[in-house]
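*Asks:* The structure's right below; bear with me while I get my questions together.
Residue numbers (full-length UniProt numbering): 1 to 236.
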């Protein structure tokens with residue numbers, strides 16, 4: 001304000017606000033809404049980020065999060081099998097899956113063999129499947145008109161069960177609402193979003209890569225961890 005030769009009273013008058021509001025910006029670190037920030041910066045002849053440096057960090061985080069998104073497909077069925085296989089092949093530290101049934105993994109992508117090979121190489125693998133007796137799974141079955149969903153959850157578990165002999169493989173069953181199916185391969189992730197009444201195969205998929213300063217990858221990792229914490233060890 002001194003550089004602009006304005007007092008806090010003069011600035012408040014130009015902005016059409018109470019002087020106490022300006023005082024709170026200065027003494028309490030309050031941040032005004034975007035329109036008021038822009039107007040204040042214009043009156044003082046400087047950039048918003050100069051007045052509120054935390055905005056710069058926020059802008060950088062937004063830019064980083066945008067760069068996390070590698071690709072988008074309107075439906076899961078449009079994701080090429082080569083993409084899935086490439087991500088699985090490259091994973092050498094961690095693979096994590098959060099689904100209800102995820103039958104396409106074992107039916108179309110040889111997931112049991114993939115898990116077996118990766119586990120033998122020491123890759124940490126965690127799989128979350130829907131509990132076949134869960135009310136949430138049965139609700140989803142009703143919503144999607146897919147009465148076989150509970151049985152498909154159990155079927156996938158049966159396919160994968162032999163892999164639990166490897167120390168690095170953990171399978172749990174969960175009873176949570178499934179907002180997104182998550183497939184993590186080291187620092188890459190495919191996120192299959194879900195909408196009411198729509199099959200997962202007909203729902204969008206986002207390819208996300210971990211980027212320093214980004215938000216999305218960590219956001220979905222936290223979601224996986226939250227479900228893992230509530231899940232129970234799988235039993236046949």
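By construction, the Cβ of each residue, glycine as well, lies at the ideal position given by its N, Cα and C atoms.
Is the Cβ-Cβ distance between residue 206 and residue 72 less than 8 Å?
*Replies:* Contact flag set, yes.
*Asks:* Return the CA-CA distance between residue 188 and residue 44, expressed in angstroms with no decimal places.
*Replies:* Answer to the nearest angstrom: the Cα atoms are 44 Å apart.
*Asks:* Between residue 237 and residue 142, what straight-line distance do the alpha-carbon atoms span, to the nearest angstrom?
*Replies:* Because residue 237 is not part of the residues shown, which for the chain are 1 to 236, the question remains open.
*Asks:* Do you know offhand how far residue 144's Cα is from residue 15's?
*Replies:* Their Cα atoms are separated by approximately 54 Å.
*Asks:* First and last residue of the alpha helix (DSSP H) that includes residue 105?
*Replies:* Start and end: 103 to 108.
*Asks:* Alpha carbon to alpha carbon, how far is residue 18 from residue 226? Give it in angstroms, no decimals.
*Replies:* Rounded to whole angstroms, residue 226 to residue 18 spans 45 Å at the Cα level.
*Asks:* Would you mind giving the Cβ-Cβ distance between residue 200 and residue 194, rounded to the nearest angstrom? I have them listed as a contact below 8 Å.
*Replies:* About 6 Å; that satisfies the 8 Å criterion.
*Asks:* Quick one: residues in its chain with C-beta nearer than 6 Å to the C-beta of residue 78, no 5 flanking neighbours on either side, listed in chain order?
*Replies:* Answer for residue 78: no residue qualifies.
*Asks:* Report the residue from 154, 12, 92, 112 whose alpha carbon sits nearest the alpha carbon of residue 236.
*Replies:* It is 154.
*Asks:* Using 8 Å as the threshold, is the stretch 157 to 170 in touch with the stretch 205 to 222, meaning 3 or more CB pairs across them?
*Replies:* No: the two stretches stay apart, fewer than three of their Cβ pairs being nearer than 8 Å.
*Asks:* Identify whether residue 192 lies in helix, strand or coil by the three-state DSSP scheme.
*Replies:* The answer is strand: DSSP assigns residue 192 an E or B state.
*Asks:* Starting from residue 129, follow the alpha helix (DSSP H) in both directions and report where the run begins and ends.
*Replies:* Element bounds for residue 129: not the alpha helix (DSSP H) but the beta strand (DSSP E), 124 to 130.
*Asks:* Helix, strand or coil: how does DSSP classify residue 180 here?
*Replies:* In the structure shown, residue 180 sits in a strand (DSSP, three-state: E or B).
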